[in-house]
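Worksheet: one structure, shown below.
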Amino acid sequence: MSRSLKIAALAWALPVAALAADVEAVKTTVTASIDARRPELVALSDRIWEYAETALRETRSAAALADFAEARGMSVVRGVAEMPTAFVASYGTGRPIVAILGEYDALPGISQKAQPSLEPLTPGAAGHGCGHNLFGAASLGAALAIQEQIAAGALEGTVRFYGTPAEEAVGGKLYMLRAGLFDDVDVVLAWHPSDEIVADTGSSQAMVDFVAEFEGRAAHAAYDPWNGRSAADAAEVFTFALNLAREHVRPTTRMHYVVTGAGEVPNVVPDHASVWTWLRDSSHERVDELLARARDMVAGAALATGTRGTLRVQSGDWEMLPLLSGARLLHENLTRLGPLAFDEEEQEFARQIQRATGVEPVGLAGEIQPLDLEPGEPEGGSTDVADVSWKAPTLHLSVTTAPAGAPWHAWPVVASGGMSIGHKGLAYAAKALATTAVDLYLDPARLAEIRAEFEERTAGAQYRAYIPEGPPPVPAGD
Ligand SMILES: [Zn+2]
29 MSRSLKIAAL AWALPVAALA ADVEAVKTTV TASIDARRPE LVALSDRIWE
79 YAETALRETR SAAALADFAE ARGMSVVRGV AEMPTAFVAS YGTGRPIVAI
129 LGEYDALPGI SQKAQPSLEP LTPGAAGHGC GHNLFGAASL GAALAIQEQI
179 AAGALEGTVR FYGTPAEEAV GGKLYMLRAG LFDDVDVVLA WHPSDEIVAD
229 TGSSQAMVDF VAEFEGRAAH AAYDPWNGRS AADAAEVFTF ALNLAREHVR
279 PTTRMHYVVT GAGEVPNVVP DHASVWTWLR DSSHERVDEL LARARDMVAG
329 AALATGTRGT LRVQSGDWEM LPLLSGARLL HENLTRLGPL AFDEEEQEFA
379 RQIQRATGVE PVGLAGEIQP LDLEPGEPEG GSTDVADVSW KAPTLHLSVT
429 TAPAGAPWHA WPVVASGGMS IGHKGLAYAA KALATTAVDL YLDPARLAEI
479 RAEFEERTAG AQYRAYIPEG PPPVPAGD
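Its first residue numbered 29, the sequence shown is counted upward by one per residue in my numbering.
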């Protein structure tokens with residue numbers, strides 16, 4: 029080492045050490061703040077768990093979160109991107125701008141009590157089978173812990189909480205992206221309830237959501253059937269073609285549909301039929317290929333049956349763009365927090381659910397999974413967080429809120445998300461997000477590293493949302 033290099037190394041040593049001490053002090057303060065506010069955050073999550081409102085109907089859930097943020101000093105803009113249940117809460121000025129995402133929509137038909145055996149809270153009602161009650165409350169808890177530190181002068185910049193509706197259907201974030209709400213964001217933080225704790229390095233599936241519609245000609249099914257052309261027949265040909273295609277797609281492809289209309293009574297030749305279809309694969313390019321094939325199938329089905337066929341794309345998601353630099357930072361903060369401890373009562377609650385659903389009764393996974401440096405093809409499932417990840421660097425985390433291996437989008441997740449297992453995951457996720465945010469505010473080098481990886485990965489990519497032109501499909505008031 030030359031003399032000049034030695035001096036340079038010494039000159040670096042002091043600020044780096046000072047920075048580390050500073051960072052650690054602020055992290056200790058934000059985790060203490062989350063602990064202090066934990067009862068309020070748990071109560072907020074439990075309220076949203078009880079409301080269990082579905083996509084674009086999350087009126088009380090969105091208001092509960094927005095009111096909570098506003099009452100604690102954040103400025104809130106409600107009804108953004110033409111969605112009454114979308115909002116942005118913010119605090120501070122200037123850069124960096126750190127956006128923390130929250131969701132709060134439930135799933136229809138899976139109402140469940142917070143107990144380890146199947147029993148609806150309200151028969152037929154919706155339930156939080158994806159843990160979004162925890163997602164919203166934890167992310168807001170993290171944003172408020174950062175807000176306090178900006179107010180105290182310990183951090184400089186802006187923190188925002190994005191209240192993003194309708195993740196389970198429609199994709200609220202796609203409309204918020206189109207409205208330009210993420211244009212100036214430096215970095216996005218998000219987490220998702222899960223059955224393990226991990227800084228995510230894997231992607232998610234890209235998908236397209238469309239309706240294949242067929243118009244035929246009605247006639248008496250016995251008196252003059254030759255005058256009729258059955259739209260139900262066309263729907264059958266379309267789904268038959270789709271099912272035959274399963275042999276000729278990649279193993280990563282997922283195709284699922286429901287027939288949402290195919291006539292009313294057998295003695296009238298159906299003049300209308302519709303098939304609601306989702307196609308998924310590991311990238312949007314592959315999904316585009318599948319979509320082109322589906323268009324041919326619709327045209328072929330119409331031709332074969334003498335009907336008219338149309339394919340109407342409703343929504344879809346790109347695949348997640350994971351950043352290794354971001355996952356490393358999250359992983360460091362998870363390691364700093366240590367594993368999540370569940371007590372024997374919680375472990376037994378989980379094992380009862382596992383026995384009831386026929387999966388191995390191994391309880392809850394509170395340990396931190398190692399960083400997966402070679403994640404391979406994404407697991408099944410898509411999210412509109414992925415679309416955000418193409419607009420701004422997005423750091424994504426999974427935190428245990430449900431028993432290992434138990435069915436997702438189902439009653440076990442609703443049950444665990446309404447009691448202490450979910451509450452522990454909530455507080456843990458809030459701390460992981462807030463401490464990671466502290467690094468982003470105080471260590472410009474880490475932020476620059478993440479931004480550089482993002483720029484490199486997105487070079488040449490032209491993000492294009494799958495949603496059609498026009499306003500989001502907000503349902504009319506009930
Ligand atoms: Zn979800």
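Even glycine gets a Cβ: it sits at the ideal position worked out from N, Cα and C.
Next item on the list: Please state if the CB of Arg106 and the CB of Ala92 are separated by a distance shorter than 9 Å.
Entry: As a working note, residue 92 is residue 64 in the sequence shown. As a working note, residue 106 is residue 78 in the sequence shown. Not in contact: Ala92 and Arg106 (Cβ atoms no closer than 9 Å).
Next item on the list: Could you tell me which of Leu349, His156, Pro500, Val442 sits nearest to Asp228, measuring between CA atoms?
Entry: For this step, residue 228 is matched to residue 200 along the sequence shown. Comparing Cα positions, the closest option is Leu349.
Check: Excluding sequence positions up to five away, which residues of its chain have a Cβ less than 6 Å from the Cβ of Thr288?
Finding: Locating residue 288 in the sequence shown gives position 260, where the first residue counts as 1. Same-chain partners within the cutoff: Ser302, Trp304.
Next item on the list: Within its chain, find whatever has a CB closer than 6 Å to the CB of Gly199; leave out the 5 residues flanking it on each side and keep chain order.
Entry: The count along the sequence shown starts at 1 and reaches residue 199 at position 171. Cβ within range, chain order: Ser343, Asp412.
Notebook entry, point to check: Of all the options Ser139, Thr464, Asp74, Pro67, which has the alpha carbon lying nearest to the alpha carbon of Leu365?
Noted result: On the sequence shown, residue 365 is found 337 positions in, with the first residue counted as 1. If we check each option's Cα against that of Leu365, Thr464 comes out closest.
Notebook entry, point to check: Which two residues bound the contiguous beta strand (DSSP E) that contains Arg340?
Noted result: In the sequence shown, residue 340 corresponds to position 312, counting from 1. 336 to 345 is the span of the beta strand (DSSP E), which, as asked, contains Arg340.
Item checked: Pro221 Cβ short of 8 Å to ligand 1 heavy atom set -> As a first step, residue 221 must be located in the sequence shown, where it is residue number 193. Yes - ligand 1 has a heavy atom lying nearer than 8 Å to the Cβ of Pro221.
Next item on the list: Using a threshold of 9 Å, state whether the C-beta atoms of Pro148 and Gly155 are closer than that.
Entry: Within the sequence shown, the letter at position 120 stands for residue 148. Within the sequence shown, the letter at position 127 stands for residue 155. Going by C-beta atoms, Pro148 is nearer than 9 Å to Gly155.
Notebook entry, point to check: Comparing alpha-carbon positions, which option in Asp415, His451, Pro472 lies nearest His424?
Noted result: Reading the sequence shown from its first residue, position 396 is the one you call residue 424. Among Asp415, His451, Pro472, the Cα nearest to that of His424 is on Asp415.
Check: Looking at C-beta atoms only, is the number of pairs between the region 228 to 241 and the region 306 to 320 that lie closer than 8 Å three or more?
Finding: yes
Note to self: Spatial neighbours of Asp211 within its chain, please: C-beta separation below 8 Å, excluding the five flanking residues on both sides.
What the structure shows: Position 183 of the sequence shown holds residue 211. Around Asp211: Lys419.
Check: Which term fits Pro221, buried or exposed, when burial requires 16 or more other beta carbons within 10 angstroms of its beta carbon?
Finding: On the sequence shown, residue 221 is found 193 positions in, with the first residue counted as 1. That one is buried.
Item checked: Cα-Cα separation between Gly256 and Gln490, rounded to whole angstroms -> Position 228 of the sequence shown, counted from the start, is the residue given in the question as residue 256. Position 462 of the sequence shown, counted from the start, is the residue given in the question as residue 490. Each residue's Cα considered, the two are about 46 Å apart.
Next item on the list: Would you list the residues sitting across from Ser426 in a DSSP beta bridge?
Entry: For this step, residue 426 is matched to residue 398 along the sequence shown. The partner list for Ser426 (beta bridge, DSSP) reads His220, Val226.
Next item on the list: With hydrogens ignored, establish whether the beta-carbon of His160 is closer than 8 Å to any heavy atom of ligand 1.
Entry: Taking the first residue of the sequence shown as position 1, residue 160 is located at position 132. Indeed, a heavy atom of ligand 1 lies less than 8 Å from the Cβ.
Next item on the list: May I have the straight-line CA-CA distance separating Ala83 from Glu196, to the nearest angstrom?
Entry: By one-based count along the sequence shown, residue 83 stands at place 55. By one-based count along the sequence shown, residue 196 stands at place 168. Whole-angstrom Cα-Cα distance: 6 Å.
Note to self: Which of the three DSSP states is assigned to Gly155 in this structure?
What the structure shows: For the purposes of this step, residue 155 is identified with residue 127 of the sequence shown, where counting begins at 1. Three-state DSSP puts Gly155 in a strand.
Item checked: Distance, Ala262 Cα to His276 Cα -> The count along the sequence shown starts at 1 and reaches residue 276 at position 248. The count along the sequence shown starts at 1 and reaches residue 262 at position 234. Cα-Cα distance, rounded: 22 Å.
Notebook entry, point to check: Among the residues of its own chain, which have a CB less than 7 Å from the CB of Thr121, if the five just before and after it don't count?
Noted result: Counting from one through the sequence shown, the residue named residue 121 turns up at place 93. Thr186.
Next item on the list: Could you check what DSSP says for Leu42 in three-state terms: helix, strand or coil?
Entry: If you number the sequence shown from 1, residue 42 lands on position 14. Legend: pLDDT at Leu42 = 49, less than 50; position of this residue unreliable, value from coordinates given subsequently. Leu42: helix per DSSP, three-state reduction.
Check: Of all the CB atoms in chain D, is at least one closer than 9 Å to the CB of Arg308?
Finding: Reference to chain D is not applicable here, since this structure consists of a single protein chain.
Notebook entry, point to check: Alpha carbon to alpha carbon, how far is Ala90 from Ala330?
Noted result: For the purposes of this step, residue 90 is taken as residue 62 along the sequence shown, with counting starting at 1. For the purposes of this step, residue 330 is taken as residue 302 along the sequence shown, with counting starting at 1. C-alpha separation (whole angstroms): 43 Å.
Next item on the list: Using only the heavy atoms of ligand 1, determine whether one of them is closer than 8 Å to the beta carbon of Thr113.
Entry: On the sequence shown, position 85 is the one that residue 113 refers to. Checking every heavy atom of ligand 1 against the Cβ of Thr113, none is found closer than 8 Å.
Notebook entry, point to check: Which residues in the same chain as Ala432 place their Cβ atom closer than 6 Å to its Cβ, once the five residues preceding and following it in sequence are excluded?
Noted result: Locating residue 432 in the sequence shown gives position 404, where the first residue counts as 1. Excluding positions up to five away in sequence, the list reads Asp223, Val390, Ala393.
Next item on the list: Determine the DSSP secondary structure at Gln380, reduced to helix, strand or coil.
Entry: Working through the sequence shown from its first residue, we reach residue 380 at position 352. Gln380 falls in the helix class under three-state DSSP.
Item checked: Check: Glu360 C-beta below 8 Å from any heavy atom of ligand 1 -> Counting from 1 along the sequence shown, the entry for residue 360 is found at position 332. No.
Notebook entry, point to check: Whose C-beta lies closer than 7 Å to the C-beta of Ala247 among residues of the same chain, with five residues either side of it excluded?
Noted result: As a working mapping, residue 247 is identified with position 219 in the sequence shown. Excluding residues within five positions, the ones whose Cβ falls inside 7 Å are Pro253, Asn255, Gly256, Val297.
Notebook entry, point to check: To the nearest whole angstrom, what separates the beta carbons of Val441 and Gly159, a pair I think is in contact under 8 Å?
Noted result: Mapped onto the sequence shown, residue 441 falls at position 413. Mapped onto the sequence shown, residue 159 falls at position 131. Between Gly159 and Val441 the Cβ distance is about 6 Å, and since that is below 8 Å, they are a contact.
Margin query: Spatial neighbours of Lys55 within its chain, please: C-beta separation below 6 Å, excluding the five flanking residues on both sides.
Written below: Sequence index remark: in the sequence shown, residue 55 carries index 27 (1-based). Only Thr463, Val466 meet the Cβ criterion.
Next item on the list: Could you pull out every unbroken beta strand (DSSP E) segment of at least 3 residues lying fully inside the region 411 to 489, listed in chain order?
Entry: 422 to 428
Note to self: Check this for me: beta carbons of Leu270 and Met204, under 9 Å apart or not?
What the structure shows: Position 242 of the sequence shown, counting from 1, holds the residue named residue 270. Position 176 of the sequence shown, counting from 1, holds the residue named residue 204. No. Outside cutoff.
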